[in-house]
Amino acid sequence: GGGSGGGGGGGSAMPRLSRDQLRKLEEHVLQEAHIVFCTMSSAADLRLEKLDGGFETVVFDEAAQASELATLIPLRYGARLAILVGDPQQLPATVLSMRAKELGYASSLF
Numbered sequence: 019g020g021g022s023g024g025g026g027g028g029g030s031a032m033p034r035l036s037r038d039q040l041r042k043l044e045e046h047v048l049q050e051a052h053i054v055f056c057t058m059s060s061a062a063d064l065r066l067e068k069l070d071g072g073f074e075t076v077v078f079d080e081a082a083q084a085s086e087l088a089t090l091i092p093l094r095y096g097a098r099l100a101i102l103v104g105d106p107q108q109l110p111a112t113v114l115s116m117r118a119k120e121l122g123y124a125s126s127l128f
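Every position in the sequence shown, counted from 1, becomes a number in the working numbering once 18 is added.
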């Protein structure tokens, strides 16, 4: 039927982006972003490393569950303010390796 939206009614499809175009688009979006949400481990992504000026503020959600070492990943971008959100009465820092626990790497910032 007529109308717009949805299915293949003869409209032109969005062109597929090449890998290079997609990479450039992601870099542009990140450069222009005021807020970036990610996990602590995904903060190690090279695209974040390339950002001009790093991050002014880092917010750690569920911070009681994060090990001290995990929090270093996003802090390496030069944040002047770190906000810890979490409940130390709930789950402790998540560390799967028994050896890491023995070495004291299961401590959170709480």
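Backbone N, C-alpha and C fix where the C-beta goes; we use that ideal spot for every residue, glycine too.
*What are the start and end residues of the beta strand (DSSP E) that includes Thr75?*
By 1-based counting over the sequence shown, the position of residue 75 is 57. Thr75 -> beta strand (DSSP E) spans 75-78.
*Please look up how many angstroms separate the CB atoms of Ala97 and Thr112, rounded, as I've assumed it's under 8 Å.*
Indexing the sequence shown from 1 puts residue 97 at position 79. Indexing the sequence shown from 1 puts residue 112 at position 94. Ala97 to Thr112, Cβ: 22 Å. No contact.
*Spatial neighbours of Gln108 within its chain, please: CB distance less than 7 Å, with the 5 preceding and 5 following residues excluded, ordered by chain position.*
Working through the sequence shown from its first residue, we reach residue 108 at position 90. Cβ within range, chain order: Ala82.
*What beta strand (DSSP E) runs, 3 residues minimum, are completely inside the region 69-126?*
75-78, 99-102
*Where does Met32 land, buried or exposed, given buried means 16+ other C-beta within 10 angstroms?*
As a working mapping, residue 32 is identified with position 14 in the sequence shown. Its Cβ having fewer than 16 others within 10 Å, Met32 is exposed.
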